[in-house]
Amino acid sequence: MPIRNIAIIAHVDHGKTTLVDQMFRQAGVFRDNQQVQERVLDSNPLERERGITILAKNTAVYWNEVKINIVDTPGHADFGGEVERILRMVDGVVLLVDAAEGPMPQTRFVTRKALELELLSLVVINKIDRADARPAEVHDEVLELFMDLEATERQLDSPFLYAAGRDGWAGDTPELSEGDLRPLFDGIVSHFPEPEVDPTGPFQMLVSTLDHSSYLGRIAIGRIERGQVCVGQRVALLDFGSPGMVDDVTEAEEARVVKLYTFSGLERIEVEE
1 MPIRNIAIIA HVDHGKTTLV DQMFRQAGVF RDNQQVQERV LDSNPLERER
51 GITILAKNTA VYWNEVKINI VDTPGHADFG GEVERILRMV DGVVLLVDAA
101 EGPMPQTRFV TRKALELELL SLVVINKIDR ADARPAEVHD EVLELFMDLE
151 ATERQLDSPF LYAAGRDGWA GDTPELSEGD LRPLFDGIVS HFPEPEVDPT
201 GPFQMLVSTL DHSSYLGRIA IGRIERGQVC VGQRVALLDF GSPGMVDDVT
251 EAEEARVVKL YTFSGLERIE VEE
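Laid out in structure tokens, this is it:
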């Protein structure tokens, strides 16, 4: 099945988590009669209390037989390290910008990181239904930001969409006032590349997040860069991010894969390989 790996990045309160909620609904993650709380990705108690995303969330939806892996990233400057780490897992970013506020300080920070990693962007000017929305000016401000950050010609050629994430619609013109998120899904599939992975080489995975289970032990969440992995396989754990980093595989810690999961909607689905 074709795959797209994307992150949604923005300044705090520009509507990332709300937009992803609507993507879930329209991609069929929830049943028609299912009661779903708002901000379903903000599962951490502190996130619910503060109304912001703190921890990166890994999810997936399916659109026209394409699996779209989505990471909803923190939008607050205090959690910039989480954003930078997660961007290394994806092949493109959906950059969300408020139609009234325009690019803000955290917008600049996350955009710089994405451009430095040579990622492509799809820009969504959100909250277009606000009375004080100024989409044409914000469009130009985003382009100015890209130029100021020395984006490449290909990055400057990013498509723009206009959306009301709360109401669940998007389009290629700010004059729209209804619809659905089909233009956003189609834009993600058409604009971003499929990940390049050599399935025949030795297994290699870039770990971006560590979790823990009292039953399973350590849980590594990341992106497969090469090869394949199956339950029972022995792997070497290499830490390339610490002082005195490992440069000899004989120094690596060994472990055995006891469970494998893939993301589907908000759930982790167990698989054998």
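When the letters of the sequence shown are read in order and numbered with the working numbering, they come out as residues 1 to 273. The beta carbon of each residue, even a glycine, is placed where N, CA and C say it ideally should be. Note that the structure is predicted; figures quoted are calculated from it, not measured.
In whole angstroms, give me the CA-to-CA distance for residue i and residue j.
i, j, result
"E194", "I188", "11 angstroms"
"L145", "R108", "7 angstroms"
"V71", "E84", "12 angstroms"
"Q22", "A252", "43 angstroms"
"S190", "L143", "21 angstroms"
"L149", "A114", "10 angstroms"
"L216", "Q233", "15 angstroms"
"N5", "G28", "19 angstroms"
"T69", "V20", "Inspection of the sequence shows that residue 69 is occupied by Asn rather than by Thr. C-alpha separation (whole angstroms): 12 angstroms."
"L96", "G15", "7 angstroms"
"E273", "A151", "38 angstroms"
"M89", "T209", "10 angstroms"
"G265", "R166", "19 angstroms"
"D172", "T111", "21 angstroms"
"A60", "V94", "15 angstroms"
"R50", "P199", "The predicted model places R50 with a pLDDT of 42, which falls under 50 and marks its position as unreliable, so this point remains unresolved."
"L156", "M147", "7 angstroms"
"T73", "S158", "20 angstroms"
"Q228", "A99", "43 angstroms"
"L237", "H212", "16 angstroms"
"E116", "R268", "31 angstroms"
"E321", "L119", "Lying outside 1 to 273, the shown extent of the chain, residue 321 is not represented and no answer is given."
"T17", "S214", "29 angstroms"
"I86", "L184", "21 angstroms"
"A170", "D186", "11 angstroms"
"P135", "E175", "10 angstroms"
"I201", "M1", "One point to set straight first is that residue 201 is Gly, not Ile, in the sequence displayed. If I take the Cα positions, the gap works out to 20 angstroms."
"K67", "N58", "13 angstroms"
DSSP three-state call for residue i: helix, strand or coil?
i, result
"I86", "helix"
"I25", "According to the sequence provided, residue 25 is Arg. The question's Ile does not apply to it. Here R25 sits in helix by DSSP."
"Q106", "helix"
"E225", "strand"
"R154", "helix"
"H191", "helix"
"A252", "coil"
"L184", "helix"
"T209", "strand"
"A133", "coil"
"D72", "strand"
"V138", "helix"
"V20", "helix"
"L145", "helix"
"A114", "helix"
"K67", "strand"
"Y215", "coil"
"E267", "strand"
"A99", "coil"
"D167", "coil"
"E47", "Residue confidence for E47 is low, a pLDDT of 38 falling below 50, so the modelled location carries little weight and cannot support an answer."
Please confirm if residue i has its CB atom under 8 angstroms from at least one CB of chain D.
i, result
"K259", "Reference to chain D is not applicable here, since this structure consists of a single protein chain."
Give the single residue among the options whose Cα lies nearest to the Cα of residue i.
i, options, result
"E153", "A255, S121, I269, V93", "S121"
"C230", "A255, S213, D211", "A255"
"W63", "T173, D91, D98, R25", "R25"
"A133", "S177, S214, D91", "S177"
"E65", "I3, A99, E116", "I3"
"E270", "G168, V235, D239, I219", "I219"
"R182", "F192, P174, E175, G168", "G168"
"D91", "A170, T18, A7, T17", "A7"
"F192", "E116, V123, T18, I86", "V123"
Check: How do the segment 158 to 166 and the segment 126 to 142 stand: do at least 3 beta-carbon pairs fall below 8 angstroms, yes or no?
Finding: yes
Note to self: Check whether the segment 5 to 16 and the segment 93 to 104 are in contact - that is, three or more C-beta pairs closer than 8 angstroms.
What the structure shows: yes
Check: Is the segment 253 to 268 close to the segment 118 to 128, with three or more CB pairs under 8 angstroms?
Finding: no
Check: How do the segment 199 to 210 and the segment 220 to 228 stand: do at least 3 beta-carbon pairs fall below 8 angstroms, yes or no?
Finding: yes
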